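Asker: Mind looking over this structure? Questions follow.
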Amino acid sequence: MKSDKPIECTGCNTFDVGSILDNSELDVNVEKIFADKEAAEQTLAQLIRKARDTESEPAQIRSEISAVEGGYKLNAKFTFSCQAEVVIFQLATRSI
1 MKSDKPIECT GCNTFDVGSI LDNSELDVNV EKIFADKEAA EQTLAQLIRK ARDTESEPAQ
61 IRSEISAVEG GYKLNAKFTF SCQAEVVIFQ LATRSI
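Residue 18 in the UniProt record's numbering sits at position 18 of the sequence shown; the count goes up by one each step and never skips.
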């Protein structure tokens with residue numbers, strides 16, 4: 001039986017992850033500007049590879065690269081089957 005109050009242990013700095021990862025966030029939105037289209041396409045390919053490495057069920061990926069003043073804008077939305085995958089993907093793509 002799950003309690004409404006998270007389980008915490010202040011002595012060991014732990015807490016019940018289930019009360020944080022409640023599957024309310026399944027999307028990751030990425031928006032970046034690049035100097036050229038090739039750089040935007042390469043970054044999108046890296047993000048897709050990371051999503052595929054993370055997913056347990058196929059993630060839905062919608063993306064668009066459009067010309068803007070000063071370069072190219074990448075807009076991408078990744079929808080995962082659970083919030084844990086969102087967190088893993090975000091951690092894996094922090095440096096991209």
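Idealized CB from N, CA, C, for every residue including glycine. Here the structure is a predicted model, which is why all the values come from computation and not from measurement.
Along the chain, where does the beta strand (DSSP E) containing residue 62 start, and where does it finish?
Answerer: Start and end: 60–68.
Asker: Out of curiosity, what's the CA-to-CA distance linking residue 61 and residue 27?
Answerer: In a straight line, the C-alpha of residue 61 is about 10 angstroms away from that of residue 27.
Asker: Can you list, in chain order, the residues of its chain with a C-beta nearer than 6 angstroms to that of residue 72? Leave out the 5 residues immediately preceding and following it.
Answerer: Hits under 6 angstroms: 34, 37, 40, 65.
Asker: Indicate, with yes or no, if the ligand NAP has a heavy atom lying under 7 angstroms from the CB of residue 73.
Answerer: The ligand content of the structure shown is nil, which means the ligand NAP is not present either.
Asker: Sorted by chain position, which residues of the same chain lie with C-beta nearer than 6 angstroms to residue 80's C-beta, five sequence neighbours on each side aside?
Answerer: So the list reads 26, 59, 86, once near-sequence residues are dropped.
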